[in-house]
Structure formats: C-alpha cells, structure tokens
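Residues 9 to 240 in our numbering are what the sequence shown spells out, letter by letter.
Glycine included, every Cβ here is placed at the ideal spot set by N, Cα and C.
These numbers were taken from a predicted model, which means no experiment stands behind them.
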Amino acid sequence: MDQLLGFLILGTTLLLAFLIFANLNQANSKVNRWFGCFILCIFLLEFNDLLEKAGSLKTRMLINDFIGITDFIIAPVFYFSVSYFIKPTRKWRVRDNLHFIFAFIILFLLLISLFIDVKSPTVADKKNAVIIINVFNLVFCLQVIIYCVMAYGKIIAYQKKLFLYTSNMDAIDLKWLKQVVVCILIITGLWLIDNVFKLARNNIYFDQFASLIYLGGIFLHCLFFIKTERVV
C-alpha cells in the first residue's frame, strides 16, 4: 500500500511537471520553469525515498546521496518561483547563487568522496552517521520553513503594493498562492514530526497517512496550476 501511494505521487508529480514545462496556460515562461523545477524536486525526493525503502537496497547507495542534494535545492527553487511570479522581469543576480550554497557544498563533498577509499564503518561511525543525518534533516526543515515565510511575506507585500493602484480585489487576489505556501509548510511540519519521532518507521499507518497528505498536496498544486490562467 505504501509503495502504491509512492508510485502515485511519483506519477502525479512527473505529469504535473510536464504540464508546467509545456506551458499550456501560456503563462510567463520563467515562472513555469522555476515552478516546474520545484515539482521535479518533489519528484526526486519521493523517488529517493522509494529507493531507500526498496527491499533490495540494504544500504544507502551513492545515487541516494546525489539525489539527496535536492533537499537543499527545493526551498530556494520554490522561493524563486514566487519571486518571478510577482516580478516576471526580475533579473538574475550573482548573489542569488548564494541561495544554493548548501547544495554546492554537499555536491563538492560528494565529489571528493569519490576519490577516497571508504573502509567498513565501525559502530561509532554508524552512530555519528545517524547524528549527521538528523542534523541535515533539521537544516532541511528549517530551510523550507524560512523560505516559505519569506515567500509568504513577498506575496503580502506585493498585494499591498497592487492595492495602491487598483481597488479590484479579484485582480490582486493571491489567496491560492498563499494556500500553496501554507500547504508546503504543513507537509514540512508533518515531515519534521516524522523524522523527530520516527513515526513512519514504527507505524505503517502513519506512513500511509503521511503519503496520503503528500499526494493530496500534489493534487492541490495541480488544481491551483490549472486554475491559474495567466501570470500578472
């Protein structure tokens, strides 16, 4: 059941990413590229999770580590999708690369590890690995929360600015975009609780419940994308 839900999430995210990149709603291409990359990041996260859960994989492989870089890409990618939605003419600045500094560091360390002979891990090494993984999970959650709050703040500021030029609330209603941000925050909170208390590992029903929430979140993203006819 859990793998079935995982495959449903994979298929849904891949289809949504394709529809976004196809630009069927004739929206701003920059926004679609960023939002499409965000959905692809979700696809890679779920794909990596399924790889780790596969019974044939007794140990974490190198491909898991490289796909895991997505953890530190997804939050800034979502932030930039909101930024370009609000300001489609925005130019890329050199300092924008700093948003991906964690991903660059992890990629650099992984590339170095390819040239290092790895010995069989000791008991102490395994304990340290668990601590490091928990730290990375915490950093990931904090990063997502911070970027979601920043994105939400941008939306509020943009609406207030538009309100100075028009009294037509329908034209500046970005409630759907706020709901996307809140949805991501809820999913992140659920994921954080799961990692802290190891609920999914000890309770298969919680794992299935969490997968249903993730799938519902993807369906909401599909709905919001279909309802968005243009980018202002």
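Using three-state DSSP, classify Ile139 as helix, strand or coil.
Taking the sequence shown and counting its residues from 1, one reaches residue 139 at position 131. Of the three classes helix, strand and coil, the one that applies to Ile139 here is helix, per DSSP.
So, His229 versus Val188, is the Cβ gap smaller than 8 Å?
For the purposes of this step, residue 229 is taken as the residue at position 221 of the sequence shown. For the purposes of this step, residue 188 is taken as the residue at position 180 of the sequence shown. Pairing His229 with Val188 gives a Cβ-Cβ distance under 8 Å.
Coarse secondary structure for Val99, derived from DSSP in three states
If you number the sequence shown from 1, residue 99 lands on position 91. The residue asked about is misnamed: residue 99 is Lys in this sequence, not Val. If DSSP states are grouped into helix, strand and coil, Lys99 belongs with coil.
DSSP state of Pro84 mapped onto helix, strand, coil
As a first step, residue 84 must be located in the sequence shown, where it is residue number 76. Assigned with DSSP and collapsed to three states, Pro84 falls in helix.
Considering only the alpha carbon of each residue, which of Ala208, Ile163, Gly44 and Cys45 lies closest to Lys61?
What you label residue 61 is simply residue 53 of the sequence shown in a count that begins at 1. Among Ala208, Ile163, Gly44 and Cys45, the Cα nearest to that of Lys61 belongs to Ala208.
Identity of the residue in Val90, Gln11, Ile50 and Leu48 nearest Tyr160 by Cα
Taking the first residue of the sequence shown as 1, we reach residue 160 at position 152. Comparing Cα-Cα distances from Tyr160 to each of Val90, Gln11, Ile50 and Leu48, the minimum goes to Val90.
Exposure of Tyr166, with buried meaning 16 or more beta-carbon neighbours within 10 Å:
Position 158 of the sequence shown holds residue 166. With 16 or more Cβ atoms within 10 Å of its Cβ, Tyr166 is classed as buried.
With 16 as the cutoff for other CB atoms within 10 Å, does Val102 come out buried or exposed?
As a working mapping, residue 102 is identified with position 94 in the sequence shown. Exposed, by the Cβ-count rule.
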